Structure formats: C-alpha cells, structure tokens
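Comments concern the structure below.
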Amino acid sequence: MAWAELQGPLDVKAAARGVAFTGPADFLDPRVLRTYRDSWNIRLANVVPILPPFDEALSALRAILGLVFATDTPRVSLD
C-alpha cells in the first residue's frame, strides 16, 4: 500500500483518538516500545503463527517509517 493511500485513513483514525503525528519519532516513543518489547511474546505468541523477535519487527518498523516519511531510518533507544 502506498503512503498516499494510507495517509487519509490514518489521519482519520488519529483524529478519532485525539492524537497527531508529524514524523517517524511520533511512532517510536521509547516508553511505548519498551512496553511492547516486554509483552511481545506473552501477548502475540498464541495469535501470530510465526512471530518474529521484537528487535526484528522494530527494525522493520523503523525502515518503513523512513520510507513513508522520506527520511533516514529513524533511530530509537529503549535503554
């Protein structure tokens, strides 16, 4: 799916939840990512047949965000 096709529905969904985004960093809040990392296997192992490691999924997310926002792959630290 192209960003042009995704942006409209994502804007509507964000507005319905009272949130906004302006760039990749808005999708990489370390507090949220730490929570996802810590519950990754517990919450998803039974519903995702081939669950990738969290770090692999995060790398893919960072790469996609870089493409979508036409920037370098964004960095994030969870330490």
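According to this note's numbering, the sequence shown is numbered sequentially starting from 61. For each residue, glycine too, the CB sits at the ideal point set by N, CA and C. Because the structure is a prediction, the values reported are computed rather than measured.
Taking a cut-off of 8 Å on C-beta distances, the region 118-134 touches the region 76-91, as three or more cross pairs fall below it. The beta carbon of residue 122 lies closer than 6 Å to those of 133 and 134 in the same chain, with the five residues before and after it left out. Look at residue 101 here: in three-state DSSP terms it is helix. For residue 69, the uninterrupted alpha helix (DSSP H) segment begins and ends at 63-76. In the DSSP assignment, residue 115 falls within the alpha helix (DSSP H) that extends over 114-128.
Rounded to whole angstroms, the gap between the alpha carbons of residue 91 and residue 138 is 8 Å. For residue 127, the number of other beta carbons within 10 angstroms of its own is below 16, and it is reported as exposed.
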